[in-house]
Amino acid sequence: MLVLGIETTCDETAAAVVRHLDDGRGEILSNIVLSQTAEHAPYGGVVPEIAARAHVEALDFIIAQAMIEAKLTFSALDGIAAAAGPGLIGGVIVGLTTAKAIALVAERPLVAVNHLEAHALTARLTDATPFPYCLFLASGGHTQIVAVLDVGQYVRLGTTIDDAIGEAFDKTAKLLGLSYPGGPEVEREAQKGDVDRFILPRPMLGRAEADFSLSGLKTALRLEAEKIAPLSDQDVSDLCAAFQQAVADVVTDRLRAGLRLFRERFGGPTALVAAGGVASNQTIRRALGRVASEHGTVLVAPPPELCTDNGAMIAWAGCERLLRGMTDTLDVAPRARWPLDGDGWPRRDEARA
Ligand code: KG4
Ligand code: ZN
1 MLVLGIETTC DETAAAVVRH LDDGRGEILS NIVLSQTAEH APYGGVVPEI AARAHVEALD
61 FIIAQAMIEA KLTFSALDGI AAAAGPGLIG GVIVGLTTAK AIALVAERPL VAVNHLEAHA
121 LTARLTDATP FPYCLFLASG GHTQIVAVLD VGQYVRLGTT IDDAIGEAFD KTAKLLGLSY
181 PGGPEVEREA QKGDVDRFIL PRPMLGRAEA DFSLSGLKTA LRLEAEKIAP LSDQDVSDLC
241 AAFQQAVADV VTDRLRAGLR LFRERFGGPT ALVAAGGVAS NQTIRRALGR VASEHGTVLV
301 APPPELCTDN GAMIAWAGCE RLLRGMTDTL DVAPRARWPL DGDGWPRRDE ARA
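Under the working numbering, the sequence shown has 162 at position 162, and the numbering climbs by one with no breaks.
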């Protein structure tokens, strides 16, 4: 089975072709990602209107590249998948409409993929991870602990009540005069910093439910920075080290709670799966590995290029749905908000991709 996947929910214009193999894994035939980071950098974050225009300008070319690299024509595909949300609506419209046009012309089924589901299923593309597993998704727009029970069956165990973790890294970087995206910058600075000089809070520590809160930590960091301003290079490094360690401690504690809830409701998970840009942070990755082994399970962390937004994960989710006969009609609507488990009101971190 061969599927084209299109991703345009945030600031990456991406297309990929993935083959579903008989052993349950996927083979990536092409995976083209064009990042808009440089266009958004002057603003310190993603500007929706700039993102939508950039997707319009680049997408045709990116899809053509993906097809050329895969050495395929549209008629060789079994389906066309596009992220239909959640995300910045302008970009989602661009990707989904393009997918509909290709599906119509090539007379192939359309699969409208939930972007979060695509992150959730990536571990099956790379590692054929069996259900059920516990997903920790942490990016600029999402912070979620999710029980992944089957394709289309997700139970959210925890989320953030304010900022996403990546967003907190980005805001911290901005405050300290570092460039965007802030996560990698903060990690680099933290390596030179003294982790014990500043004591920052660890919000939500010890709570039984598995939710996160990051805004208090961010405020505490700002107050510390204001106390000692103007900041020397060493001050910046020390603040980054303190921040990163506080986040790693929070992640550890919240995942302990999440895995406990998982075990109570669904038995032991086959793995703890990491996804999203934040999962490329080495301190956080080590923390995840420790929590997984404490709970008698393994950490599955796909390579960074598959943790961050890409077309291969959309194509793969398309394969998984297509195999189960889960296709969509051409009138399927793009969605700015689209909670994975469909219950309750979408919280703030679901409004962004
Ligand atoms: O998954 P992603 O590429 O895009 C979405 O937000 O969907 O994640 C990007 C986010 C940004 O907020 C970025 O600062 C954060 O992930 N990030 C990191 C690191 N690399 C990326 N955060 C902490 N440490 C990193 N090394
Ligand atoms: Zn994403």
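We put the beta carbon where it would ideally sit given N, CA and C, even for glycine.
Owing to the predicted nature of the structure, the values given are computational and were not obtained by experimental measurement.
Got a sec, what are the start and stop residues for the beta strand (DSSP E) T73 sits in? For T73, no beta strand (DSSP E) run applies, since DSSP gives it neither H nor E.
Answer yes or no: the CB of N281 versus the heavy atoms of the ligand KG4, is any distance below 6 angstroms? yes
DSSP state of R19, grouped into three classes? strand
Between which two residues does the beta strand (DSSP E) harbouring T8 extend? Counting along the chain, T8 falls outside any beta strand (DSSP E), and DSSP gives it neither H nor E.
Beta carbon of T160: closer than 6 angstroms to some heavy atom of the ligand KG4? For T160, the CB stays at least 6 angstroms from every heavy atom of the ligand KG4.
Just how far apart, CA to CA, sit V146 and F136? 7 angstroms
Given this structure, state the Cα-to-Cα distance separating G79 from N114, to the nearest angstrom. Roughly 16 angstroms between the two C-alpha positions.
Using only the heavy atoms of the ligand KG4, determine whether one of them is closer than 6 angstroms to the beta carbon of T308. yes
What is the rounded straight-line gap between the Cα of H295 and the Cα of G267? 12 angstroms
Limits of the unbroken alpha helix (DSSP H) element including D249: D233 to F266
Just confirm the distance between the C-beta atoms of P302 and L96, as a whole number of angstroms; I'd bet it's less than 8 angstroms. P302 to L96, Cβ: 24 angstroms. No contact.
Please find out if some non-hydrogen atom of the ligand ZN comes closer than 6 angstroms to the beta-carbon of S139. Indeed, a heavy atom of the ligand ZN lies less than 6 angstroms from the Cβ.
Tell me where the beta strand (DSSP E) around F212 begins and ends. Run containing F212: none; DSSP gives neither H nor E here.
So, are the CB atoms of S139 and E189 less than 7 angstroms apart? No, the pair does not count as a contact, with Cβ atoms beyond the cut-off.
Please indicate yes or no: does the CB of P184 lie closer than 6 angstroms to some heavy atom of the ligand KG4? yes
Is the Cβ-Cβ distance between I28 and A312 less than 7 angstroms? yes
Between the CA atoms of C134 and F262 - distance to the nearest angstrom: 7 angstroms
Given 8 angstroms as the limit, is there contact between the region 239-251 and the region 174-189, that is, 3 or more CB pairs closer than that? Yes, they touch.
Tell me the DSSP secondary structure of R156 in three-state form. strand
Over the uninterrupted alpha helix (DSSP H) stretch that includes L116, give me the two end residues. H115 to D127
If I measure Cβ to Cβ from S215 and keep anything under 7 angstroms in the same chain, skipping five residues before and after, which residues do I get? D162 and D163
Contact check, D11 vs V33, beta carbons under 7 angstroms: no
If we ignore side chains and look at the alpha-carbon of each, how far apart do D150 and P339 end up? 16 angstroms
Would you report the Cα separation of T297 and P203, rounded to the nearest angstrom? 26 angstroms
Reduced DSSP secondary structure (H/G/I, E/B, other) of L178: coil
Secondary structure of Q65, DSSP reduced to three states: Collapsing the DSSP output to three states places Q65 in a helix.
Considering only residues of the same chain and omitting the five flanking positions on each side of A15, which have a CB-CB separation below 6 angstroms? Result list for A15: I6, I32, I62, I63, A66 and G311, in chain order.
Beta-carbon proximity check, F212 vs T143, cutoff 7 angstroms: Yes; because the gap between Cβ atoms is below 7 angstroms, this pair is in contact.
For the beta strand (DSSP E) containing G26, name the first residue and the last one. G26 to S35
Touching by the beta-carbon criterion (3+ pairs, under 8 angstroms), the region 170-184 and the region 282-295: no
Between which two residues does the alpha helix (DSSP H) carrying G138 extend? Looking at the sequence provided, one finds Ala at residue 138 rather than Gly. No alpha helix (DSSP H) holds A138; the beta strand (DSSP E) holding it covers Y133 to A138.
Mapping DSSP to helix, strand and coil, what is A99? helix
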